[in-house]
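**Q**
Chains as they are written, first to last, in full-length UniProt numbering: chain A, 1 to 216; chain B, 1 to 326.
1. Of the choices 199(A), 163(A), 155(A), 177(A), whose alpha-carbon is the least far from that of residue 98(A)?
2. Can you find a CB in chain D that lies within less than 8 Å of the CB of residue 66(B)?
3. Assuming contact is defined by CB atoms lying nearer than 8 Å, are residue 70(A) and residue 139(A) in contact in what I supplied?
4. What whole-angstrom Cβ distance do residue 164(B) and residue 191(B) have, given they're in contact under 8 Å?
5. Below 8 Å on C-beta distance, what does residue 62(A) contact in chain B?
6. Does the count of Cβ pairs from the stretch 187-196 of chain A and the stretch 154-162 of chain A closer than 8 Å reach three?
7. State the DSSP-derived secondary structure class of residue 90(B), mapped to helix, strand or coil.
8. By the criterion of Cβ-Cβ separation under 7 Å, what are the contact partners of residue 103(B) in chain A?
9. Can you list, in chain order, the residues of its chain with a C-beta nearer than 6 Å to that of residue 55(A)? Leave out the 5 residues immediately preceding and following it.
10. Could you name the residues of chain B that residue 184(A) contacts, counting a contact when the two beta carbons are closer than 8 Å?
11. Determine, using beta carbons only, whether residue 175(A) comes closer than 8 Å to chain B.
12. Indicate whether at least one CB of chain A lies closer than 8 Å to the CB of residue 30(B).
13. Pop quiz: residue 134(B) and residue 147(B) are said to be a contact at Cβ under 8 Å. What is the actual Cβ separation, rounded to whole angstroms?
14. Quick check: the stretch 41-53 of chain B against the stretch 2-20 of chain B, are there 3 or more CB pairs under 8 Å?
15. Which term fits residue 95(A), buried or exposed, when burial requires 16 or more other beta carbons within 10 angstroms of its beta carbon?
16. List the residues of chain B whose Cβ lies closer than 7 Å to the Cβ of residue 128(A), in chain order.
17. Compare the beta carbon distance of residue 159(B) and residue 265(B) with 8 Å and say whether it is the shorter of the two.
18. How far does the beta strand (DSSP E) with residue 214(B) in it extend, from its first residue to its last?
19. For residue 48(B), return the contacting residues in chain A, with the cut-off set at a CB-CB distance below 9 Å.
20. For the beta strand (DSSP E) containing residue 64(A), name the first residue and the last one.
21. Please work out which residues of its chain come closer than 6 Å, Cβ to Cβ, to residue 160(A), disregarding the five sequence neighbours upstream and downstream, and give them in chain order.
22. Which residues in the same chain have their Cβ closer than 7 Å to the Cβ of residue 256(B), if we skip the five residues on either side of it in sequence?
23. Flag residue 52(A) as yes if its beta-carbon sits less than 8 Å from any beta-carbon of chain B, otherwise no.
24. Following the continuous alpha helix (DSSP H) through residue 228(B), name the residue where it begins and the one where it ends.
25. What residues from chain B crowd round residue 140(A), counting only those whose CB sits closer than 7 Å?
26. Do the stretch 102-116 of chain B and the stretch 61-79 of chain B make contact, defined as three or more Cβ pairs closer than 8 Å?
27. Among all the DSSP beta bridges, which residues are the ones paired with residue 146(A)?
28. Using the Cα positions of residue 121(B) and residue 16(B), report the straight-line distance between them to the nearest angstrom.
29. State the DSSP-derived secondary structure class of residue 269(B), mapped to helix, strand or coil.
30. Between the C-alpha atoms of residue 306(B) and residue 93(B), what's the straight-line distance to the nearest angstrom?
31. If we cut at 8 Å on Cβ distances, does residue 37(B) have a partner in chain A?
32. Are the CB atoms of residue 127(A) and residue 209(A) within a distance shorter than 8 Å?
33. Measure the alpha-carbon distance for residue 175(B) versus residue 217(B) and round it to whole angstroms.
34. Do residue 139(B) and residue 123(B) have their C-beta atoms within less than 8 Å of each other?
35. If I measure Cβ to Cβ from residue 315(B) and keep anything under 6 Å in the same chain, skipping five residues before and after, which residues do I get?
36. Report yes if the CB atom of residue 338(B) is closer than 8 Å to the CB atom of residue 51(B), and no otherwise.
Structure, rendered in structure tokens:
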């Protein structure tokens, strides 16, 4: 696969870049939605993300920019609508759906990724501003089949229930450990407060971060 | 979000020209992108200033500290000079937002951030700040978090920044660069009270860019700190807060700087409290008597009456934390 992506003028619903031979859940949903839309002849099931040719060309006219960045070690060049967030670039253009969209307002931390090694909210980061940066998402944390120590610690400590906030928690935890704010459970709680867990797994999340920091 | 054009600039002159032509500066973007998504803000053109050389913290010839506008909140808080000389700034920054947001947001952007008033952020509500002349839904609405100082019939929204409270207390100066050159203005003159024009929040001229915030030299040793009281322990805006800096010599308070947050339409300096402290010896009764002067002129609304007493207690407690007793 080429490093250079075909330019994505609009958000393709099924990650155009990460083409995988195995059927994916997202791919299945998108495909069955298209079929369903055909059956009900233009019903509402088609959804707003599946743009027809006319809509796609209208989107072409919107202010857009070309940007090159490295995601999990792979150099990418795309043209995006200027309004595209890093989170939407990852999820909708690159098919990297590990980073989650919770509040889309910088209040929940589910979208946390590393940009040039620092943890940030990808929902509040405009993709066009990321020329030359390196992004690390949950998909890029493991070394082949070898999980990152914090990923393993989340499993060992049973630090999640529904799992929706987990990728953001783990990336934020990696940042927290690198920053050295892991001296005590209280310090970890304060420096991890940008990541909300509705299931309330905080005790085990703190334990996972603490034990991983202790091993370093 | 409304469509916008995007330009990246690499020197300050280029930035100011773009700003003068109507471009909107974006640095960390943590407030602006959020408000653009809510369509509270809809700039036609964004000028990305993150590549400008405004990222240094330097000791000034006058013995103060100059913090470049693009230094992130995280970098400023952790800077050894800031932490040792003005802990009140480090504490105010680290009690703000989250670690992720502090990695993105800048010092210049922090003092430009806009109110968290829910009516301002709700485009269906009346708000003179967002839409001049439309009214103020907060005045007789749910106003528990709103201001009790510096309000007007037009607007009762608080300024949300913690760092700005520390800057106000320390009498910082804001360095600006505009099409006509540079200038420096006192922090107290930079943020504007709402009056009849709550949409005008800063004393900025067209195209002007914040280049730095300068903390003046103060007598040393200077003890300082920031106390923030809120509905949850972390990652929340202040109900009340207090920035206090004290210099003692011969057992007497020779310099006192006090400002409060969460209560004013702008960070609120308390000269009457400062005056009461000067020349006095730290004591429990001094903290109590000085803090009693903190609430002069407060005008509570229907749901925020509690802030008056909370403010008094916040100031008293922070005077004790910084000044100790005996």
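Note that CB positions come from ideal geometry on N, CA and C, so glycine has one too.
**A** So, to answer that:
1. Residue mapping note: residue 98(A) aligns to position 98 of the first chain, counting from 1. Each of 199(A), 163(A), 155(A), 177(A) was checked against the Cα of residue 98(A), and the nearest Cα belongs to 163(A).
2. Looking for chain D here will not work: the only protein chains present are A and B.
3. The residue labelled residue 70(A) in the question sits at position 70 within the first chain. The residue labelled residue 139(A) in the question sits at position 139 within the first chain. Not closer than 8 Å, so no.
4. As a first step, residue 164(B) must be located in the second chain, where it is residue number 164. As a first step, residue 191(B) must be located in the second chain, where it is residue number 191. Indeed they touch by this definition, with Cβ atoms about 7 Å apart.
5. For the purposes of this step, residue 62(A) is taken as residue 62 along the first chain, with counting starting at 1. Under the 8 Å cutoff, chain B gives 3.
6. These segments do not touch.
7. Residue numbering aside, residue 90(B) sits at position 90 when the second chain is read from its first letter. Of the three classes helix, strand and coil, the one that applies to residue 90(B) here is helix, per DSSP.
8. Here the question's residue 103(B) lines up with position 103 in the second chain. The contacting residues are 118, 119, 120.
9. Along the first chain, one-based indexing puts residue 55(A) at 55. Only weak support exists for where residue 55(A) lies, its pLDDT of 43 falling under 50; the value from the coordinates is given anyway. Cβ within range, chain order: n/a, list empty.
10. Within the first chain, the letter at position 184 stands for residue 184(A). Within chain B, not a single residue places a beta-carbon under 8 Å from that of residue 184(A); the smallest gap is close to 14 Å.
11. Residue mapping note: residue 175(A) aligns to position 175 of the first chain, counting from 1. Look at residue 175(A): its C-beta is under 8 Å from a C-beta on chain B.
12. As a first step, residue 30(B) is located in the second chain; it is residue number 30 there, counting from the start. So yes, residue 30(B) belongs to the interface.
13. Here residue 134(B) is taken as the residue at index 134 of the second chain, counted from 1. Here residue 147(B) is taken as the residue at index 147 of the second chain, counted from 1. With 8 Å as the limit, residue 134(B) and residue 147(B) do not qualify as a contact, their Cβ atoms being about 19 Å apart.
14. With the cut-off at 8 Å, the stretch 41-53 of chain B and the stretch 2-20 of chain B touch.
15. On the first chain, residue 95(A) is found 95 positions in, with the first residue counted as 1. Buried, by the Cβ-count rule.
16. The count along the first chain starts at 1 and reaches residue 128(A) at position 128. Counting only Cβ-Cβ distances below 7 Å, residue 128(A) has contacts in chain B at 6, in chain order.
17. In the second chain, the residue the question calls residue 159(B) occupies position 159. In the second chain, the residue the question calls residue 265(B) occupies position 265. Their beta carbons are under 8 Å apart, which means residue 159(B) touches residue 265(B) by this criterion.
18. One-based indexing of the second chain puts residue 214(B) at position 214. Run containing residue 214(B): 209-215, per the beta strand (DSSP E) assignment.
19. Counting from 1 along the second chain, the entry for residue 48(B) is found at position 48. Simply 126, 128, 129.
20. The residue you call residue 64(A) lines up with position 64 of the first chain. Start and end: 64-71.
21. Taking the first chain and counting its residues from 1, one reaches residue 160(A) at position 160. The beta carbon of residue 160(A) sits closer than 6 Å to the beta carbons of 166, 201 from its chain, once the five residues preceding and following it are set aside; these are given in chain order.
22. Working through the second chain from its first residue, we reach residue 256(B) at position 256. 246, 274, 277, 278.
23. Here residue 52(A) refers to the residue found at position 52 of the first chain. Confidence is the limiting factor: at residue 52(A) the pLDDT is only 42, short of 50, which leaves the residue's position unreliable and the question unanswerable from this model.
24. Within the second chain, numbered from 1, the residue matching residue 228(B) stands at position 228. It is not in any alpha helix (DSSP H) - residue 228(B) instead sits in the beta strand (DSSP E) that spans 223-229.
25. One-based indexing of the first chain puts residue 140(A) at position 140. Going along chain B, no residue has its Cβ under 7 Å from residue 140(A), so there is no contact; the nearest lies around 18 Å.
26. The answer is yes - the stretch 61-79 of chain B touches the stretch 102-116 of chain B, with three or more Cβ pairs under 8 Å.
27. Here residue 146(A) is taken as the residue at index 146 of the first chain, counted from 1. Paired residues: 143(A).
28. Looking up residue 121(B) in the second chain gives position 121. Looking up residue 16(B) in the second chain gives position 16. Whole-angstrom Cα-Cα distance: 28 Å.
29. The count along the second chain starts at 1 and reaches residue 269(B) at position 269. Three-state result, residue 269(B): strand.
30. Counted from its first residue, the second chain places residue 306(B) at position 306. Counted from its first residue, the second chain places residue 93(B) at position 93. Going from the Cα of residue 306(B) to the Cα of residue 93(B) covers about 25 Å.
31. Along the second chain, one-based indexing puts residue 37(B) at 37. Chain A contact via Cβ: present.
32. Here residue 209(A) refers to the residue found at position 209 when the first chain is read from its first residue. Here residue 127(A) refers to the residue found at position 127 when the first chain is read from its first residue. Not in contact: residue 209(A) and residue 127(A) (Cβ atoms no closer than 8 Å).
33. Position 175 of the second chain, counted from the first residue, corresponds to residue 175(B). Position 217 of the second chain, counted from the first residue, corresponds to residue 217(B). Answer to the nearest angstrom: the Cα atoms are 16 Å apart.
34. The residue you call residue 139(B) lines up with position 139 of the second chain. The residue you call residue 123(B) lines up with position 123 of the second chain. Pairing residue 139(B) with residue 123(B) gives a Cβ-Cβ distance that is not under 8 Å.
35. To locate residue 315(B), count along the second chain from 1; it is residue 315. Excluding residues within five positions, the ones whose Cβ falls inside 6 Å are 242, 291, 294.
36. The question about residue 338(B) has no answer here: the residues shown for chain B are numbered 1 through 326.
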